[in-house]
Structure formats: structure tokens, C-alpha cells
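Report on one structure; see the data block that follows.
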Amino acid sequence: MNTKQKNAILISLDDSTSEIVQLADTLGYTVLKEFIQHRENPDVNFYIGCGKVDEIKEYFEDAEESFDLVIVNGELKPSQWFALEKKLETKVYDRVRLILAIFEEHAERREALLQVKLAQLQYERPYVRELIHRAKAGEHPGFMAGGEYQVDDYYEMIKRQTKKIGEDLQKIRENRELQRQTRSKSGFYSTSLAGYTNAGKSSLMNLLSGEKVKVEEQLFSTLSTTTRSITAKNKEKKIPILLTDTVGFIENLPACIIDAFHSTLEEIEFADVVILVVDGSEAKEVVEKKLRVSLNELRNIGVGAPIIIALNKIDLIDNESLNTLREHLDQTGIIDDHVFVDISVKENKHIEVLLQTIYDSLPHMVKITFQLPLEEKSHAFISQLYEKTQVIKITYSEVITVEVECNEKIKEKLIATCRAVKGDIL
Ligand SMILES: Nc1nc2c(ncn2[C@@H]2O[C@H](COP(=O)(O)OP(=O)(O)OP(=O)(O)O)[C@@H](O)[C@H]2O)c(=O)[nH]1
Ligand SMILES: [Mg+2]
Numbered sequence: 000m001n002t003k004q005k006n007a008i009l010i011s012l013d014d015s016t017s018e019i020v021q022l023a024d025t026l027g028y029t030v031l032k033e034f035i036q037h038r039e040n041p042d043v044n045f046y047i048g049c050g051k052v053d054e055i056k057e058y059f060e061d062a063e064e065s066f067d068l069v070i071v072n073g074e075l076k077p078s079q080w081f082a083l084e085k086k087l088e089t090k091v092y093d094r095v096r097l098i099l100a101i102f103e104e105h106a107e108r109r110e111a112l113l114q115v116k117l118a119q120l121q122y123e124r125p126y127v128r129e130l131i132h133r134a135k136a137g138e139h140p141g142f143m144a145g146g147e148y149q150v151d152d153y154y155e156m157i158k159r160q161t162k163k164i165g166e167d168l169q170k171i172r173e174n175r176e177l178q179r180q181t182r183s184k185s186g187f188y189s190t191s192l193a194g195y196t197n198a199g200k201s202s203l204m205n206l207l208s209g210e211k212v213k214v215e216e217q218l219f220s221t222l223s224t225t226t227r228s229i230t231a232k233n234k235e236k237k238i239p240i241l242l243t244d245t246v247g248f249i250e251n252l253p254a255c256i257i258d259a260f261h262s263t264l265e266e267i268e269f270a271d272v273v274i275l276v277v278d279g280s281e282a283k284e285v286v287e288k289k290l291r292v293s294l295n296e297l298r299n300i301g302v303g304a305p306i307i308i309a310l311n312k313i314d315l316i317d318n319e320s321l322n323t324l325r326e327h328l329d330q331t332g333i334i335d336d337h338v339f340v341d342i343s344v345k346e347n348k349h350i351e352v353l354l355q356t357i358y359d360s361l362p363h364m365v366k367i368t369f370q371l372p373l374e375e376k377s378h379a380f381i382s383q384l385y386e387k388t389q390v391i392k393i394t395y396s397e398v399i400t401v402e403v404e405c406n407e408k409i410k411e412k413l414i415a416t417c418r419a420v421k422g423d424i425l
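Going by numbering that gives the first Met the number 0, the residue at position 303 of the sequence shown is 302; the numbering climbs one at a time, nothing skipped.
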């Protein structure tokens, strides 16, 4: 994490700059001044008009502070980026590059590191093409000194690296698929957290599992998926449930990141229930926007499972604001037929309601009654039933009768085990 705060200025074509300022802050940059030029389309040469660029240049010359970065609240074309950096003589990042830099800084596990590298290579490709173009035209003699041959070589190297990372990620993916299958076969339900960055997903994960996943007042704290059991929270029911924490969404998530992080989001795709966490303490329009972006992402991922909307951080708002927010979301129709629970992870509010809603949304619980011989060998099977199912009733007479409710996925396996101990199904 950054310890020293650095200075930046921001260029934007509209007034909605709060998110990019927060992204800058996450990377350790304080935005000291915003240069806003309202226009429909970016200028072809500099993104903003050249008069505005001159104004920034003058501002830099007159300012007492020094500036480390110019941030653009949008996507630059490589040619615009070259022109701006050259003119302003300061490092320039567009929104995608800023997000990539945050991802690079937050990536810890091998998979996340590979995914970020892949996204960067994809992002840099058009820039490299532009560099090659300029080097060949003799405009950029400093680049890859040695001429044309080395420039082409560099492009080849990027292609080779992309391929190698793709293969490494594929292996990790296959491994994850195997793990998923093993869990599913052992009767675990899988639930997944999803939602906008900073909504409180990891905090909820920690509360439900009693574990410690990184939680920070920052965007994109989580880049890898973590899966934990939340069965313990559910003492009387004993339904084995796994919960997976995932990477956060953001509006206009760059395509290179979506591609590179696709496998991480797969956990959401295969979940039995998705819990969509939304920060409910923000202005109702912001909540609505973030909810819309998140639901859209879930649709793109191809989620078919029930989605529970968990409106978090209600400790920060009063009852009246909460009611206004509820009405607003109702009116927009955005909630549709999704179940909706307002919670506070911080104050442990309505968490039991959320858990109950999760259980109620789990698909295909089936009831089975086993009849087992009153013998030693039945006991291991009964222990297994206590571990993996909800035992509704057990009676001992000449035989043992056990009535359970369980995940449909393990039904066949339990029946086979029952037969192996010479039991019957009623
Ligand atoms: N007041 C309040 N703050 C909360 C609550 N839940 C989480 N937070 C805070 O919100 C911030 C973000 O929480 P995280 O759990 O890291 O959010 P996340 O959704 O995992 O974020 P990313 O991993 O960055 O996508 C942290 O500072 C938490 O302490 C809550 O119920 N109330
Ligand atoms: Mg997180």
C-alpha cells in the first residue's frame, strides 16, 4: 500500500468525478485540481481542446506543488496519450490504466498476479502498436534503440507472454473446476457474494465465516476468490454451505479486466444462490446506479441462480432515509422479484434474517427416510448424516429410522451408502 500521498490533477468531460477521485486516492494520489471541459466527444488530438491543455500547462508552471500524475476520467486513444504526455511533461493515466495500477498493487496470489499481467498486456497492445508505428516513422528514435528489427521482436515477445500466461491461467482454472466438483459431490451448497467494490462483501464474509479476509476502506481490496464454510453459523439446520468472496464490480469495467478476471467470476456463475451486496448508505441515485451496474454484470456473467439483494451499511442512515430509499428502489422496478434484506455488517443487524433468506433460497432440498439395522456399522453412516444433512428425526427400536433433509446432489450417494450397510429407504 502507498504510504506517501502524491499529487495529481484530473481531466474530465463531465462533473461526475467522485469515483475517479476515489480510485486515485486508492492508488495514493490526491487530486488537487479538476479541469472539467463539458463536451460531447473528446478532442481527437488531446482528448480536451488544446486551449485547455495550455491552461493546465500554465497551472503547472505557476503552482507551488509539484505534480506526479495527470488523470483522465475516460479512455484515451494511444495517440492522445502520447500527445498529452509530451505536452504536459507529466505521466498521464486514463481510467483503465488507473484501475490496472490498483489491481497490480493489490494482487497478491499467483492467479491474481497472472490475471493482472494479462489485462495489462491486452491494454498495452494498441500502445505498443502506436510506438512501433512511430518508431518506424522515425518519430520515436529513443524507443527500443536498435531499430525496426527489435521493435518487431518486442511485439513478438508480448504475444508469447500473453500465450504463456493464458496457458498458466488455464491450468489454475481446471484445478478450480475440480475443486468445485469435489465440493458439490460432498453435498456442499455454494453461495457467492457479488457487488460493487467497497460494498462490504469481505466484511460480510468475515462475519458469516468467522474468518479474516482483507477489509479496507479502498476500492478493489479483494482480487482473488476466497471460499469458506458458513455452516457453523447455522447450528440447528446443519446445511453445509460454502460462501465465496469475489472481486468487486465497477461501472464500465474495462474489457481487458473482465476477460482476465472471468475465471474468478465463474464462482458466481456456478453458485446456487448469489448475495448481491450494495452500500445502502449512499445517495439513493448512487445506490440505484450501483445496483443497476451490478445486476447487469450478473446478467452478463450468466447467473441463473436466485439473487438476494443485501442492502448493507444501514447503520449509517436513519429509518426515514431507509424507507425513502426502499420506496425509490421499488418505484424504479430495479428490485424486480429479487428478495431484498437490509443489513449492517458492522452492527450485526438482520444477519439472521439474511441467513434465513439464504436457506430459503437454496434449491432442491429433498427429504429421505433411512431404515438401518441396529448394528455397529450403521453408526458411521449416521455420523455422516449428521455431518452432511439436516437430521429431522431419529428413532431407535429394532431398527434405526432416520429422517433427513439434504442437498439433492448427494441423495444418490447417501442411498448407496445406506444400501452398503444393509439399510433400506422408506
Ligand atoms: N458503517 C459500515 N461500514 C461497513 C459495513 N460493512 C462494511 N463496512 C466498511 O466498508 C469498507 C469496505 O468493506 P469491504 O468488506 O472491504 O468491501 P468489499 O465489498 O469487500 O470491497 P472490495 O474488495 O474492494 O470490492 C470497509 O471500510 C468496511 O469497514 C457496515 O455495515 N457499516
Ligand atoms: Mg473485498
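Ideal Cβ positions, reconstructed from N, Cα and C, are used throughout, including at glycine.
By the 16-neighbour rule on beta-carbons within 10 angstroms, V69 is buried. Boundaries for N197: no alpha helix (DSSP H) harbours it, and the DSSP string shows neither H nor E there.
Proximity of the beta carbon of D244 to ligand 2 is indicated: a heavy atom of the ligand is located closer than 8 Å. Comparing alpha carbon positions, the residue from V246, D329, I300, V273 closest to E284 is D329. With a 10 Å radius around the Cβ and a threshold of 16 neighbouring Cβ atoms, H105 comes out buried. Checking the DSSP bridge columns, you'll see I240 partnered with Y188.
Where I306 is concerned, the enclosing beta strand (DSSP E) starts and stops at 306–311. Distances from the alpha-carbon of V30 to those of K5, Y46, E287 put K5 closest. Assigned with DSSP and collapsed to three states, P372 falls in strand. Boundaries of the beta strand (DSSP E) harbouring V398: 398–406, taken from the DSSP string.
Along the length of the region 55–93, whole alpha helix (DSSP H) runs at least 4 residues long occupy 77–87, reported in chain order. If you draw a straight line from the Cα of S78 to the Cα of G165, it is about 28 Å long. For D314, the distance from the CB to the nearest heavy atom of ligand 1 is below 8 Å. Per DSSP, reduced to three states, the secondary structure at F219 is coil, with no helix or strand assignment. Counting only runs that start and end inside the region 306–357, the alpha helix (DSSP H) elements of at least 4 residues fall at 318–331. Partner residues in the beta bridge of I424, as assigned by DSSP, are F369. Annotated three-state conformation of K32 is strand, per DSSP. Here DSSP, grouped into helix, strand and coil, assigns L275 to strand. Here DSSP, grouped into helix, strand and coil, assigns D359 to helix. Of the heavy atoms belonging to ligand 1, at least one sits nearer than 8 Å to the Cβ of Q217.
Taken atom to atom, the span from the alpha-carbon of F248 to that of G422 is near 50 Å. From the listed residues A100, R133, N318, S228, the smallest Cα separation to R182 is found for S228. Excluding the 5 residues flanking it on each side, T25 has same chain C-beta neighbours closer than 8 Å at I101, Q217, L218, F219, in chain order. By the 16-neighbour rule on beta-carbons within 10 angstroms, A111 is buried. Pairing S15 with I316, the inter-Cα distance amounts to about 23 Å. Residue side-chain check: K200 places its Cβ nearer than 8 Å to a non-hydrogen atom of ligand 2. A distance below 9 Å separates the beta carbons of V338 and P305. In this structure T394 is exposed. Its beta-carbon is surrounded by fewer than 16 other beta-carbon atoms within 10 angstroms. Around the beta-carbon of L177, fewer than 16 other beta-carbon atoms lie within 10 Å, marking it exposed.
Three or more beta-carbon pairs drawn from the region 288–298 and the region 250–269 are found closer than 8 Å, and the two stretches are therefore classed as touching. No heavy atom of ligand 2 is found nearer than 8 Å to the CB of S191. For S293, the CB contacts under 6 Å within the same chain, skipping 5 residues up- and downstream, are G194, Y195, F248, L275 in chain order.
At a Cβ-Cβ threshold of 9 Å, F34 and L9 count as neighbours. The Cβ atoms of S223 and E107 lie closer than 9 Å to each other.
In the DSSP assignment, R227 forms a beta bridge with L242.
Burial is judged here by how many other beta carbons sit within 10 angstroms of a residue's own beta carbon; G303 has fewer than 16 and is exposed.
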